[in-house]
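Asks: One structure coming up, written as structure tokens, with questions to follow.
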Amino acid sequence: AQKVTQAQTEISVVEKEDVTLDCVYETRDTTYYLFWYKQPPSGELVFLIRRNSFDEQNEISGRYSWNFQKSTSSFNFTITASQVVDSAVYFCALSEENRDDKIIFGKGTRLHILP
Amino acid sequence: GAGVSQSPRYKVAKRGQDVALRCDPISGHVSLFWYQQALGQGPEFLTYFQNEAQLDKSGLPSDRFFAERPEGSVSTLKIQRTQQEDSAVYLCASSLFRLSGESDQPQHFGDGTRLSIL
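Residue numbers (the numbering used here), protein chains in the order written: chain W, 22 to 136; chain F, 41 to 158.
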């Protein structure tokens, strides 16, 4: 069965600190996709990244970076030099190749960046 | 429009009433998805359309939930005889193709409809 676990319910860090959001997933498929979404207070889900299970290269986009470790079924997300505007709920998610009509979301990590 | 539009933004209904939630996807997007997000939880899949065809409705929690997309664009999620446990944010998303198919096009989400059942 598919499952996404975000063990950190809530994290608070002071602005400019680095912060890593953990994500562990379970799937029986060999081909799957992993996602991170940001949900600010406005409620809209903002797409951050989609990663194919065959591509284990880490990715960096500005202050954001993602570490995909297939051996530990983890897809962690790091924000470097955090800013107050990064405060939001962050969701890790999974979809399987043969069931690509649905995304399975984790319960989210609420991130507070304190000024 | 520029993004996925959902209306109303907020809906309050008394238990037992029927409600209808509207989703206007991005023009030209083939796929449309509905999700339910309870307070403090991640979104949970409800149903999926490819054009006007409802290909998966396995996430609909009961037969009181019904979704349609008759012309392959606007979609309506209807909940009959609402119950308090239906209170949630209902999110709609659209994508150009299938979720994770030929393209890297992500799902684009609307702001959601916050439904409160009294």
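Just so you know, even glycine gets a beta-carbon here, dropped at the ideal spot from N, CA and C.
Give me the chain W residues within the contact set of residue 52 (chain F), using Cβ-Cβ distance strictly less than 7 Å, ordered along the chain.
Replies: Mapped onto the second sequence, residue 52 (chain F) falls at position 12. Simply none; closest approach about 16 Å.
Asks: Look up residue 154 (chain F) in the DSSP assignment and give the residues it is bridged to.
Replies: Start at 1 with the first residue of the second sequence, and residue 154 (chain F) comes out as number 114. Answer is F:50, F:129.
Asks: Considering Cα atoms alone, identify which of F:146, F:128, F:118 is closest to residue 134 (chain F).
Replies: Within the second sequence, residue 134 (chain F) is the residue found at index 94, counting from 1. Per the Cα distances, F:146.
Asks: Would a check of beta-carbon distances place residue 105 (chain F) closer than 8 Å to chain W?
Replies: Along the second sequence, one-based indexing puts residue 105 (chain F) at 65. By this cut-off, residue 105 (chain F) is not an interface position.
Asks: Taking Cβ-Cβ distances shorter than 7 Å, what residues in chain W pair up with residue 131 (chain F)?
Replies: Locating residue 131 (chain F) in the second sequence gives position 91, counting from the first residue. Listed along chain W are 66, each with a C-beta nearer than 7 Å to that of residue 131 (chain F).
Asks: So what's residue 137 (chain W) in DSSP terms, helix, strand or just coil?
Replies: This structure cannot speak to residue 137 (chain W), because chain W is shown only from 22 to 136.
Asks: Name the chain F residues whose beta carbon is nearer than 9 Å to that of residue 112 (chain W)?
Replies: The sequence position of residue 112 (chain W) within the first sequence is 91, counting from 1. In chain order: 82, 83.
Asks: How would you call residue 79 (chain W), buried or exposed, if buried means at least 16 neighbouring beta carbons within 10 angstroms?
Replies: In the first sequence, the residue the question calls residue 79 (chain W) occupies position 58. Exposed.
Asks: Pull the bridge partners of residue 136 (chain F) from the DSSP assignment, please.
Replies: Working through the second sequence from its first residue, we reach residue 136 (chain F) at position 96. In the DSSP output, where bridge partners are listed per residue, residue 136 (chain F) has none listed.
Asks: Jot down the residue ranges of each uninterrupted beta strand (DSSP E) in the region 30-58 of chain W, minimum 3 residues, whole runs only, in chain order.
Replies: Within the region 30-58 of chain W, the runs of beta strand (DSSP E) that reach at least 3 residues and sit entirely inside it are, in chain order, 31-35, 40-42, 45-47.
Asks: So for residue 107 (chain W), helix, strand or coil by DSSP?
Replies: As a position in the first sequence, residue 107 (chain W) is number 86, starting the count at 1. In this structure, residue 107 (chain W) counts as helix in the three-state DSSP scheme.
Asks: What residues from chain F crowd round residue 127 (chain W), counting only those whose CB sits closer than 9 Å?
Replies: Translated into the one-based positions of the first sequence, residue 127 (chain W) becomes position 106. Chain F residues near residue 127 (chain W): 82.
Asks: Quick check: is the beta carbon of residue 68 (chain F) nearer than 8 Å to any beta carbon in chain W?
Replies: Residue 68 (chain F) sits at position 28 when you count from the first residue of the second sequence. The C-beta of residue 68 (chain F) comes no closer than 8 Å to any C-beta of chain W.
Asks: Taking the alpha-carbon of residue 83 (chain F) as reference, which of F:128, F:64, F:137 has the nearest alpha-carbon?
Replies: As a first step, residue 83 (chain F) is located in the second sequence; it is residue number 43 there, counting from the start. The shortest C-alpha separation from residue 83 (chain F) is found at F:128.
Asks: For residue 124 (chain F), does the three-state DSSP call read helix, strand or coil?
Replies: Here residue 124 (chain F) refers to the residue found at position 84 of the second sequence. The three-state reading of DSSP puts residue 124 (chain F) in helix, counting H, G and I together.
Asks: Would you please verify whether the beta carbon of residue 112 (chain F) is less than 8 Å from any beta carbon of chain W?
Replies: By 1-based counting over the second sequence, the position of residue 112 (chain F) is 72. No - not a single Cβ of chain W is within 8 Å of the one on residue 112 (chain F).
Asks: Using the beta-carbon of each residue, which ones in chain W are nearer than 8 Å to residue 151 (chain F)?
Replies: Position 111 of the second sequence, counting from 1, holds the residue named residue 151 (chain F). By Cβ distance, chain W contributes 63, 64, 65.
Asks: Determine whether the beta carbon atoms of residue 113 (chain F) and residue 65 (chain F) lie at a separation below 8 Å.
Replies: Working through the second sequence from its first residue, we reach residue 113 (chain F) at position 73. Working through the second sequence from its first residue, we reach residue 65 (chain F) at position 25. Yes, the Cβ-Cβ distance between residue 113 (chain F) and residue 65 (chain F) is below 8 Å.
Asks: Could you tell me the distance, in whole angstroms, from the CA atom of residue 60 (chain F) to the CA atom of residue 81 (chain F)?
Replies: Stepping through the second sequence from its first residue, residue 60 (chain F) is reached at position 20. Stepping through the second sequence from its first residue, residue 81 (chain F) is reached at position 41. So the alpha carbons of these two residues sit roughly 23 Å apart.
Asks: Could you tell me how far apart the beta carbons of residue 89 (chain W) and residue 113 (chain W) are, in whole angstroms, since I believe they sit closer than 8 Å?
Replies: The residue given as residue 89 (chain W) occupies position 68 in the first sequence. The residue given as residue 113 (chain W) occupies position 92 in the first sequence. The Cβ separation is near 11 Å, so there is no contact.
Asks: What is the DSSP secondary structure of residue 20 (chain F), counted as helix, strand or coil?
Replies: The structure shown does not extend to residue 20 (chain F), since chain F spans only 41 to 158, so no value can be given for it.
Asks: Since residue 131 (chain W) is in the beta strand (DSSP E), which residue starts that stretch and which ends it?
Replies: If you number the first sequence from 1, residue 131 (chain W) lands on position 110. That run of the beta strand (DSSP E) goes 130-135.
Asks: I'd like the list of long-range same chain contacts for residue 38 (chain W), defined as Cβ closer than 6 Å, with 5 residues on each side in sequence excluded.
Replies: Position 17 of the first sequence, counted from the start, is the residue given in the question as residue 38 (chain W). The residues are 103.
Asks: Starting from the Cα of residue 157 (chain F), find the closest Cα among F:132, F:92, F:122 and give me that residue.
Replies: In the second sequence, the residue the question calls residue 157 (chain F) occupies position 117. For the residues F:132, F:92, F:122, the minimum Cα distance to residue 157 (chain F) belongs to F:122.
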